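Q: I have a structure I would like to understand better, so I am pasting it below and will then ask my questions one at a time.
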Amino acid sequence: MITDRDIGTRVTDGKRTGILKALDPKWVDPASPPYERKTYNMAFVWPETGGREWMLNPSTLAPA
């Protein structure tokens with residue numbers, strides 16, 4: 012289980028590895044219409060080799 016203590020460490024989703032930058036248990040997609048907004052548990056990960064940050068549910072992550 013990934014927690015706030017893992018921020019700044021290497022994590023993996025089984026296919027990719029990156030650095031955990033933040034956890035947000037109440038993330039809301041700003042592009043969704045106001046009447047469709049839901050909160051999501053979200054992790055933000057930077058790829059080790061550069062590129063775009065990726066977002067996913069922290070339950071799919073493990074320490075690398």
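When you read off a place in the sequence shown, starting at 1, and then add 11, the result is the number in the numbering used here.
From the three backbone atoms N, C-alpha and C, an ideal C-beta is built for every residue, glycine too.
Just so you know, these numbers come straight off a predicted model, no measurement behind them.
1) Between Gly-62, Arg-48, Trp-57, Gly-61, which has its C-alpha nearest Leu-72's C-alpha?
2) Is it true that the CB of Lys-32 sits closer than 8 Å to the CB of Ile-18?
3) In three-state terms, what does DSSP make of Thr-71?
4) For Val-22 and Glu-64, what's the separation of their Cα atoms in angstroms?
A: Quick look at the numbers:
1) The option with the nearest alpha carbon to Leu-72 is Trp-57.
2) Going by C-beta atoms, Ile-18 is nearer than 8 Å to Lys-32.
3) Helix.
4) Counting only the Cα atoms, Glu-64 lies some 13 Å from Val-22.
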